[in-house]
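For reference, the structure is listed below as structure tokens.
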Amino acid sequence: MTLLYNLILLASIVFAVTFSLTYLLTLTLVKTLPKRGSVVEDYHKPERPKVAWPGGPAILSSIVIVEAILYLIYGDLKILSITLVTIIAGIIGLIDDRWRLKNGMIKPLLLILASLPILLLETYVPYPEFPIFGYVRLTMVYPLLVLLAVPIVSNATNMIDVLNGALSGFIVIATIPLVFALMLKGDYIMMVATLPLIASSIAFYFFHRYPSKIFPGDSGSLALGAMFCSIAIVGRVEIVAIVSILPAILNSFFILSSIKGFIEHRSIKTRPTILLPDGQLVASKDPSAPTTLVRMILADGPLSEREVVSNIFKLSAFSAFLAVITALVTWCV
Amino acid sequence: MNSRILPLMGIIGLAWALVFFGSYMIFGLIVPFEPFPENDHIFTFLNSLLKVVLSAILALVWIVIMIELRNLYIKRNLSA
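From first to last, the protein sequence lines stand for chains A and B.
With the first letter of the first sequence counted as 1, position 80 gets the number 80 in our numbering; the numbers rise by one all the way through.
With the first letter of the second sequence counted as 1, position 40 gets the number 373 in our numbering; the numbers rise by one all the way through.
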């Protein structure tokens, strides 16, 4: 009973501290970035308002501060791995925000660096647990999969960051099954280490939701994606994570297969959606336009930006539900 | 429930089912499958090669199914 009480207390403190830090830092950025001219146009509104950008440093610094404290308390290398992966991906995102990496291949290649802490600190176990038939030995292939996973997941979260609040809301929904799976496994330290991802995303969502006051930029989206992926690997909840993040994975898969290769999304000439004068979005009928999740949602007719984001959240919730079933089948059946 | 996202939920549901089915096919059937006797290096190599090829084919089938579903969805909803 005391253990449970301590766990709930610790989880509440971690959540509250991360939430407060992200909220205050984002609020500061919302006020200071426009004064420094660090703004971008919101393309999905007729008046094209200028929005503060990037908000990634607020997300990154609050997560890193809390994870570093957790590492000092527990001394668990898995927490250090998560922290380092998030820092490296966030820095790569900051470089992209600052200097705009033109070549579509550079970012995924750089993100391989973010996978290295997991391999160097040996915080992975090459025996992923599958539903129904249990552990699978992947001693040779698993390190290679780790190298690929961080770039793939980070880019997938980066590609879903297209509308107001979509990324931050999506990360919150997709991370809940990870917390549930870690609870089922009884890995409470990892469960607590996952909470900063949810707390930071919720706090950021208050500013990122429609109409956005700030955009996360690549520093935010890559850091969040990389952290999600590192939790999945070191927490050994890989399959649950894959299912939970399916909308983002399918979105990037559909984009890459329709444009046939790695191209920086800013350099795609044909836009997948068209903004109508009344502010509604409609899917492009141009066959050369990339197939995105948003374009597929809009295929049945125009919707407001808010409605599209709401539909993305519904799809994410459905995936999260499937991920929870996957966790139950893996650890309870 | 919004009817426009039901087909997309179907695609996600199918992708999930294929993850289950595909992983069972690979780790439950293909990995233990050893048609050649493991008494020689060449046969051990052939067994491993066959497992890799069969798994790769299965992964390719998953990709083709997903692309076809996407094309079908786009054709049905956007070609008009």
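Glycine included, each C-beta is placed from N, C-alpha and C at the ideal position.
- In this chain, the alpha helix (DSSP H) harbouring Glu-67 (chain A) covers 56 to 74.
- Within chain A, not a single residue places a beta-carbon under 8 Å from that of Ala-389 (chain B); the smallest gap is close to 12 Å.
- Between the region 338 to 347 of chain B and the region 394 to 412 of chain B, the count of Cβ pairs shorter than 8 Å is three or higher; the stretches touch.
- Taking the Cβ atoms as the reference, Lys-78 (chain A) lies roughly 4 Å from Val-234 (chain A), within the contact range of under 8 Å.
- Within the region 220 to 281 of chain A, the beta strand (DSSP E) runs of at least 3 residues that lie entirely inside it are, in chain order, 273 to 275.
- In the same chain as Ala-320 (chain A), and ignoring 5 residues on each side of it, the C-beta atoms closer than 7 Å to its own belong to Ile-173, Ala-174, Ile-176, Pro-177, Ser-244, in chain order.
- The C-beta separation of Ser-200 (chain A) from Ile-63 (chain A) comes to about 5 Å, placing the pair in contact by the 8 Å criterion.
- Think of a sphere of 9 Å around the beta carbon of Ile-245 (chain A): no beta carbon from chain B falls inside it, the nearest being about 11 Å out.
- The secondary-structure analysis by DSSP pairs Tyr-142 (chain A) with nothing; it has no beta-bridge partner.
- The beta carbons of Val-14 (chain A) and Leu-195 (chain A) sit about 5 Å from each other, so the pair counts as a contact at 8 Å.
- Chain order gives the chain B residues near Thr-291 (chain A) as Arg-403, Ile-407, where near means a beta carbon separation below 7 Å.
- In the displayed model, Ala-289 (chain A) falls within coil according to three-state DSSP, outside both helix and strand.
- Contact annotation: Tyr-357 (chain B) and Phe-215 (chain A) have beta-carbon atoms that are not nearer than 9 Å.
- Contiguous beta strand (DSSP E) elements confined to the region 112 to 182 of chain A do not occur, taking only those with 3 or more residues.
- When the Cα atoms are used, Gly-90 (chain A) and Met-1 (chain A) turn out to be separated by approximately 39 Å.
- Taking CB atoms only, Thr-18 (chain A) has no neighbour in chain B less than 9 Å away.
- Interface with chain B (9 Å Cβ-Cβ cutoff): Thr-326 (chain A) is included.
- Distance from the CA of Val-309 (chain A) to the CA of Ile-345 (chain B), rounded to the nearest whole angstrom, comes to 17 Å.
- Looking from the CA of Leu-60 (chain A), the closest CA among A:Asp-278, A:Pro-108, A:Leu-25 belongs to A:Leu-25.
- At a cut-off of 9 Å, the C-beta of Gly-169 (chain A) has no neighbouring C-beta in chain B.
- Along the region 188 to 214 of chain A, the alpha helix (DSSP H) occurs as fully enclosed runs of 4 or more residues at 188 to 208, listed in sequence order.
- Comparing alpha-carbon positions, the option among A:Thr-83, A:Thr-291, A:Ala-241 lying closest to Leu-322 (chain A) turns out to be A:Ala-241.
- Collapsing the DSSP output to three states places Leu-387 (chain B) in a helix.
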